[in-house]
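**Q** If you're matching them up, the sequences are chains A and B in order. According to my numbering, the stretch in the first sequence is residues 214 to 562, in order. According to my numbering, the stretch in the second sequence is residues 51 to 848, in order.
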Amino acid sequence: MDLGQLEKALEQALSSVSDEAGLEGVRVEYLGRKGKLAEAMKTLANLPEAERKAMGLQANEVKTKMEAMFAAKQSAFETQKASKLAESEWIDVTLPGLALEEGHLHLTSQAIEEISDIFSRIGFSRVLAPDVDWDWYAFESLNIPADHPARDNWETFFIDQPAGKKGRVVLTPHTSNSQVRELEKGKLPIRMINIGRCYRRQSDVSHVPMFHQFEGFMVDKGLSVAHLKGVLDYFAQTFFGPTRKIRLRPHHFRFTEPSFEVDITCGVCNGTAMVGLDKCRLCKAGWLELGGAGMTHPNVLKAGGLDPNEYSAFAFGWGVERTLMMREGIKIADIRELYKNDLRFIQQF
Amino acid sequence: MANILASYDWIKEHLKTDASVAEFAKKMTDAGNSVEHIHDVAEAYNGIVVGRILVVDAHPNADKLRVVTVDVGKKVQIVCGGLNLEVDQLVCVALPGAKVRWHGEGELIELKEAELRGVQSFGMICAPDEVGFEKLQAGEKMIWDLTNVTDAKPGTPLVKALGLEDTLFDIEVTTNRPDAMSIVGQAREASACGLGKFEMRKSKFETSGKSEGKNGKMDLKVSVKDKDLCPRYQAVVIEGVKVAPSPWWMQKRLLLSGHRPINNVVDVTNYVLHELGQPLHAFDADTLEGQEIIVRKAKKGEKILALDGKEYELDASMLVIADAKKPVAVAGVMGGELTGTKEGTTRLVIESAVFDAVSVRRTARTLNLYSDSSSLFEKGLSPEATTGAIERAIELICELTGGHVASVIYDARAEKYKPEVYPYDAKRISDVIGLDVPEKKQKEILEALGFVIDGKKATVPYWRDHDIEDAIDLAEEVARVVGYANVPSVIPTGEIPVTLPDPKIVWERKLKNILKGAGVSEVYSNAFVSEAILGKYKIPLDAASKLENPLTDEWVYMRPTLVPSMLTVIEENQRRFEAAALFELNHVHHPRKGDIPSEDWRLLIAGYGPDGGAQAFRYVKGILERVLREAGVAAVSFESGGADDHFHPGRSAKVIAGKDMVGTIGELAPHYAQAFGIDRRVVLADLNLDHLLPHLGAGKRYQPTPEFQDLIRDLSFVLPERKTHAEVQAALVGVDPLISSVSLVDVYQGKGIEAGQKSMTYRLSLRASDRTLSSDEADAVMNSVGKMLTSDFGAILR
Chain A
214 MDLGQLEKAL EQALSSVSDE AGLEGVRVEY LGRKGKLAEA MKTLANLPEA ERKAMGLQAN
274 EVKTKMEAMF AAKQSAFETQ KASKLAESEW IDVTLPGLAL EEGHLHLTSQ AIEEISDIFS
334 RIGFSRVLAP DVDWDWYAFE SLNIPADHPA RDNWETFFID QPAGKKGRVV LTPHTSNSQV
394 RELEKGKLPI RMINIGRCYR RQSDVSHVPM FHQFEGFMVD KGLSVAHLKG VLDYFAQTFF
454 GPTRKIRLRP HHFRFTEPSF EVDITCGVCN GTAMVGLDKC RLCKAGWLEL GGAGMTHPNV
514 LKAGGLDPNE YSAFAFGWGV ERTLMMREGI KIADIRELYK NDLRFIQQF
Chain B
51 MANILASYDW IKEHLKTDAS VAEFAKKMTD AGNSVEHIHD VAEAYNGIVV GRILVVDAHP
111 NADKLRVVTV DVGKKVQIVC GGLNLEVDQL VCVALPGAKV RWHGEGELIE LKEAELRGVQ
171 SFGMICAPDE VGFEKLQAGE KMIWDLTNVT DAKPGTPLVK ALGLEDTLFD IEVTTNRPDA
231 MSIVGQAREA SACGLGKFEM RKSKFETSGK SEGKNGKMDL KVSVKDKDLC PRYQAVVIEG
291 VKVAPSPWWM QKRLLLSGHR PINNVVDVTN YVLHELGQPL HAFDADTLEG QEIIVRKAKK
351 GEKILALDGK EYELDASMLV IADAKKPVAV AGVMGGELTG TKEGTTRLVI ESAVFDAVSV
411 RRTARTLNLY SDSSSLFEKG LSPEATTGAI ERAIELICEL TGGHVASVIY DARAEKYKPE
471 VYPYDAKRIS DVIGLDVPEK KQKEILEALG FVIDGKKATV PYWRDHDIED AIDLAEEVAR
531 VVGYANVPSV IPTGEIPVTL PDPKIVWERK LKNILKGAGV SEVYSNAFVS EAILGKYKIP
591 LDAASKLENP LTDEWVYMRP TLVPSMLTVI EENQRRFEAA ALFELNHVHH PRKGDIPSED
651 WRLLIAGYGP DGGAQAFRYV KGILERVLRE AGVAAVSFES GGADDHFHPG RSAKVIAGKD
711 MVGTIGELAP HYAQAFGIDR RVVLADLNLD HLLPHLGAGK RYQPTPEFQD LIRDLSFVLP
771 ERKTHAEVQA ALVGVDPLIS SVSLVDVYQG KGIEAGQKSM TYRLSLRASD RTLSSDEADA
831 VMNSVGKMLT SDFGAILR
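1. Along the chain, which unbroken stretches of the alpha helix (DSSP H) at least 4 residues long are found entirely within the segment 305–378 of chain B?
2. What are the boundary residues of the alpha helix (DSSP H) that residue 60 of chain B is part of?
3. Counting only beta-carbon separations shorter than 8 Å, does residue 272 of chain A have a partner in chain B?
4. May I have a chain-ordered list of the beta strand (DSSP E) segments no shorter than 3 residues that lie completely inside the segment 187–252 of chain B?
5. Where are the beta strand (DSSP E) runs, 3 residues long or more, that stay fully inside the segment 430–486 of chain B, in chain order?
6. So which residues of chain A does residue 595 of chain B contact, with C-beta pairs closer than 9 Å?
7. Answer yes or no: does any C-beta atom of chain A fall closer than 8 Å to that of residue 260 of chain B?
8. Distance check for residue 496 of chain A and residue 684 of chain B, CA to CA, integer angstroms please.
9. Alpha carbon to alpha carbon, how far is residue 282 of chain A from residue 231 of chain A?
10. Please go through the same chain and pick out, in chain order, the residues whose beta-carbon is closer than 6 Å to the beta-carbon of residue 798 of chain B, but skip the five residues on each side of it.
11. Among the candidates B:113, B:181, B:100, B:135, whose CA atom is the shortest distance from the CA of residue 122 of chain B?
12. With DSSP run on the structure shown, which of helix, strand or coil describes residue 322 of chain A?
13. Please report the straight-line C-alpha distance between residue 528 of chain A and residue 469 of chain A, rounded to a whole angstrom.
14. From residue 313 of chain B to residue 396 of chain B, what does the alpha carbon distance come to, in whole angstroms?
15. Report the three-state DSSP secondary structure of residue 240 of chain A (helix, strand or coil).
16. Is it right to say residue 320 of chain B is buried, meaning 16 or more other beta carbons lie within 10 angstroms of its own, or is it exposed?
17. Give me the Cα-Cα distance between residue 871 of chain B and residue 234 of chain B, rounded to the nearest whole angstrom.
18. Spell out whether any CB of chain A is found under 8 Å from the CB atom of residue 498 of chain B.
19. Between residue 40 of chain B and residue 783 of chain B, what straight-line distance do the alpha-carbon atoms span, to the nearest angstrom?
20. Taking its Cβ as the centre, do 16 or more other Cβ atoms sit within 10 Å of residue 500 of chain A, making it buried, or is it exposed?
21. Shortest alpha-carbon distance to residue 223 of chain B belongs to which of B:483, B:54, B:473?
22. Could one say the Cβ of residue 556 of chain A lies closer than 8 Å to chain B's Cβ atoms, at least one of them?
23. Got a sec: which bits of the segment 289–317 of chain A sit with their beta carbon under 9 Å from any beta carbon on chain B, in order along the chain?
24. For residue 419 of chain A, does the three-state DSSP call read helix, strand or coil?
25. Are the beta-carbon atoms belonging to residue 674 of chain B and residue 715 of chain B less than 8 Å from one another?
26. Taking buried to mean at least 16 other C-beta atoms within 10 Å of its own C-beta, is residue 167 of chain B buried or exposed?
27. If the cut-off is 8 Å on Cβ atoms, which residues from the segment 465–499 of chain B count as contacting chain A, listed in chain order?
28. Rounded to the nearest angstrom, what separates residue 428 of chain B and residue 618 of chain B at their Cα positions?
29. Under 8 Å, with one C-beta from each stretch per pair, do the segment 612–626 of chain B and the segment 730–741 of chain B reach the 3-pair mark?
30. Just tell me which of B:295, B:390, B:272, B:672 has its CA closest to the CA of residue 285 of chain B.
31. For residue 159 of chain B, which residues from the same chain have a beta carbon less than 8 Å from its beta carbon, with the 5 sequence-adjacent residues on both sides left out?
32. From the DSSP output, in three-state form, read off residue 511 of chain A for me.
33. With a threshold of 16 other CB atoms inside 10 Å of the CB of residue 666 of chain B, please say whether the residue is buried or exposed.
34. So which residues of chain B does residue 392 of chain A contact, with C-beta pairs closer than 9 Å?
35. Suppose only complete runs of 3+ residues qualify. What are the beta strand (DSSP E) ranges in the segment 651–711 of chain B, listed by chain order?
36. Can you tell me whether DSSP reads residue 631 of chain B as helix, strand or coil?
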């Protein structure tokens, strides 16, 4: 059989093959070690020198073609086989995955982690301060005089025990008691963040008697409102996203001067105050209140043993729960649910 | 915090401005007078006009309705149920398309032509509360009679007829700024914000010391017994007063500002309060016994019937205004009903005084009696403000009531006024703001706010004498008016303090995340507990810090342990969830004598399972072991027994790390479960994190990965049930150094195993560090293991 015939014969044989066993038979018959192609190649050796060279080239071409023909058929068989696999080994992929035990961190913990991380990147380290503390740290040293309403029995919780040198024992209504405690450590400059429990004498759908605040406090030389603004902008854009804007609205707190409220553009109406044709129900004119901030009052620095002419400081204190809910757009109709520990609530986060 | 409703029209009496509403709102907000809402007054009155009643007919099908023909520029027929309809009366007519509030309740509703009991009605004749004047009372089923309010022609829009083209700003005012709780205060702020020129309008009546003395016909005795609580008391007598409703312009101003018009005397006091921020009170002079006013502390048990119609019992801490015999007002809070102005009153005593802020606040709080006056006084008012207010009141009362001044202006004051002066330093102000504000600009701002700058000194205007307390306050005044939007935003540079992270903070976070990874959910319980809860858990009351002023019985003590709150959580969730693993990581408080409570840092893991409890102990122990292993605690052991009586005596153990007891694990004793209403077995692991802290992370050591393969052999045997796993495991490990680890595969009791016995299966890993073990070597080791089990434990190999 000459080479051209051989090629045609293989084409024919392949076209009539119907299964893998048949394919293997064809392979042995034509391409095998003792197959027809090998036989034909052998005869070339007997040809005269001049003829042999030309025939050798032709033979190699034919060999390549035949191998390609075979590979194409083989691959067609494999594809066919794979398509059968889908049929023969089908499973219901919509069945749920095997249940692994799933734990959940409380929303408050999640917020605390995230807030600490954001501030640690600009050098603010988290510290701890008591949540049941002396009057001195919670009020007196913060320029809040004895007759201030916050120190009345109907605003703040007190512990039923005799007053000591630093006053009565109070359930801190804010995390700011950490300020003078930190100053007393005597290490400057200070960049701290205190995240802790606070207590206020109110309980309704928007207030819990126990909640969490984070307090930022920075003490150094030459600090100004511009620096405070820088830190607040950094936090707001990191936590809420770069499209949100903040504004400082003048306000009043005893332990800062100047003081302001920090507002952020509302995430629901994007600061437009309108949702479609209706007024946005979440915000006030496109803004949401985040919390308070200000330049630390000179009397606070003095209480902490610093000369306010030499050092300056700023502080901010925001509700952890509130800040988180504001970002997530979580609208909890009754904020007291946060601390009721219904697992149906906890397992959502 | 409080809000003021400020009419732009009224503000403009004191401010020359052509600023738009939007510009006014923005600039005021930026400077700290937050405009929270803007109401366009006229907007609500589209389609509401003045009408004249032409005919009032009976309704053919309804006794209580009338068919009225009204001239509203054209004749229309309206069905109306008002009881006071009269021909020629001017009324307020809402035409179809207008929005009204039916009977003053619910949402606004758009009017349509309607058929009422078979008669067509083309609109509605309104009562005041149906068109936004809820505080103007016309009486039940009475329509608003405009006959004496306007002389506008029928068909005139109500806005025009009643002068309602105005804008109301609802402005939040911070507690330190009672001066801004007034029209004048807002006008002054606006002027400082560059919105226009502020002009204090002069009263037509001006006192000049004692010159009014010659008018004095009534000799009133005024004395202040407690000048600390009443630094200034001014009073004047006005005679010839005719009490009547105020004219519409006055009523309108009050209504738009949120006050209820009462009569022309009381209205003036409210008007001046809103305009100037100084509360006033008017007494009926003829009801004051002994023609005397005494400002004194109340006597214990004294009572007063206040203007709200309720009787209040006073105590000796409260300041009152009294006549010769009885209290006639609770100072700064509320006047007495019996001595107030009413129809027929002809002589008045007008009071313009200042009372101590704290005293007013505490009195109002104790009596649970609040008023616009008390909310201003409790923020601290200046004794200098009373004169302007009494002058304005005299002017208005004389104008509205036909009365005239009949006494000197009495003026009892503690001391001569000395304005406060603070150092002024322009550079420091710029430094604090972080923006260079030229001195000229600073002065402009401060002077517009009323400060007097003289070189390096700033004199505080009297209306700010309570809130400006320090030189630094001047920086805030400049900063807020310059606007924080104009201050650059700068990330602070400078030294970053090097502080080692507090290990508590580090480990709190790690442990929480390990627990979460182990499938445990975190709870946050209230830090307070009730006496009942402490009782249920048998904690002596003196072991917990008690609140002096709890809000409710539920929250009275600071919890000294996390357990009771956790049990409450379990009780609430047990019927919703078959199984649960929970933790709380927090500190609890223990009372200390002469010190703040100590903080005890705890981790409590709790669990219950679907099988009702048999495996609960191992479930929670498994979590605990995993947590400790992952947290790198080496050498953890469990020592059975020794737990307190909160735990099941046979199912509890001490948790030991190294040689330290770090906590307890055990099943909650059944009678405590019962006390908390828990109907399944709950296992608790209660750890002291302060004790655990030195062990955390200490146990993670590098060990080379073994070079040669382990040989694994499983072994089952039956032995007496009281032989513990700990004993067996220790013995197995000790048999031969080739045994590299021993782990329990299964424990079984039940069918096929004799009572009192149990079957255990262990997996042993055998390894040598220098060669691959041969099967023969392993068999030899297993042989010794078998012998040891038989001789030391009486075990029968299976």
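No residue lacks a Cβ here, since even glycine has one placed at the ideal position from N, Cα and C.
**A** By the coordinates alone:
1. Uninterrupted alpha helix (DSSP H) stretches at least 4 residues long and entirely within the segment 305–378 of chain B occur at 314–326, given in chain order.
2. Per DSSP, residue 60 of chain B belongs to the alpha helix (DSSP H) from 58–61.
3. No, because no Cβ of chain B sits closer than 8 Å to the Cβ of residue 272 of chain A.
4. If we require 3 residues or more, the beta strand (DSSP E) runs fully inside the segment 187–252 of chain B come out as 217–223.
5. List check, beta strand (DSSP E) in window: 460–463, 471–473.
6. Neighbours of residue 595 of chain B in chain A, taken as residues at a C-beta separation under 9 Å, are given in chain order as 345, 372, 373, 374, 382.
7. Low local confidence applies: a pLDDT of 45 at residue 260 of chain B is under 50, so the model's placement there is unreliable, and no value is given.
8. Approximately 53 Å between the Cα atoms of the pair.
9. Approximately 15 Å, taken between the alpha carbons.
10. 809, listed in sequence order.
11. Of the candidates B:113, B:181, B:100, B:135, the one whose C-alpha sits nearest the C-alpha of residue 122 of chain B is B:100.
12. Reduced to three states, the DSSP call for residue 322 of chain A is helix.
13. Annotation: residue 528 of chain A to residue 469 of chain A spans about 8 Å, alpha carbon to alpha carbon.
14. Roughly 13 Å separates the two Cα atoms.
15. In the structure shown, residue 240 of chain A sits in a helix (DSSP, three-state: H, G or I).
16. Buried.
17. There is no way to answer for residue 871 of chain B, as the model of chain B reaches only from 51 to 848.
18. Not one chain A Cβ lies under 8 Å of residue 498 of chain B.
19. Absent from the structure is residue 40 of chain B, since the part of chain B shown begins at 51 and ends at 848.
20. Taking every protein chain shown into account, the CB of residue 500 of chain A has 16 or more other CB atoms within 10 angstroms, so this residue is buried.
21. Comparing Cα positions, the closest option is B:54.
22. At least one chain B Cβ lies under 8 Å of residue 556 of chain A.
23. Within the segment 289–317 of chain A, the qualifying residues are 313, 314, 315, 316, 317.
24. Annotated three-state conformation of residue 419 of chain A is coil, per DSSP.
25. Going by C-beta atoms, residue 674 of chain B is nearer than 8 Å to residue 715 of chain B.
26. Its Cβ having fewer than 16 others within 10 Å, residue 167 of chain B is exposed.
27. Those would be 481, 482, 483, 484, 485, in chain order.
28. Each residue's Cα considered, the two are about 42 Å apart.
29. Three or more Cβ pairs closer than 8 Å define a contact, and the segment 612–626 of chain B meets that threshold against the segment 730–741 of chain B.
30. Selected option, being the one with the closest Cα: B:272.
31. 149, 150, 151, 152, listed in sequence order.
32. Judged by DSSP in its simplified three-state form, residue 511 of chain A adopts helix.
33. By the neighbour-count rule (16 or more Cβ atoms within 10 Å), residue 666 of chain B is buried.
34. Within chain B, no residue comes near residue 392 of chain A; the closest Cβ sits about 15 Å away, beyond 9 Å.
35. Counting whole runs of 3 or more residues, the segment 651–711 of chain B contains the beta strand (DSSP E) stretches 686–690, 697–707.
36. In the structure shown, residue 631 of chain B sits in a strand (DSSP, three-state: E or B).
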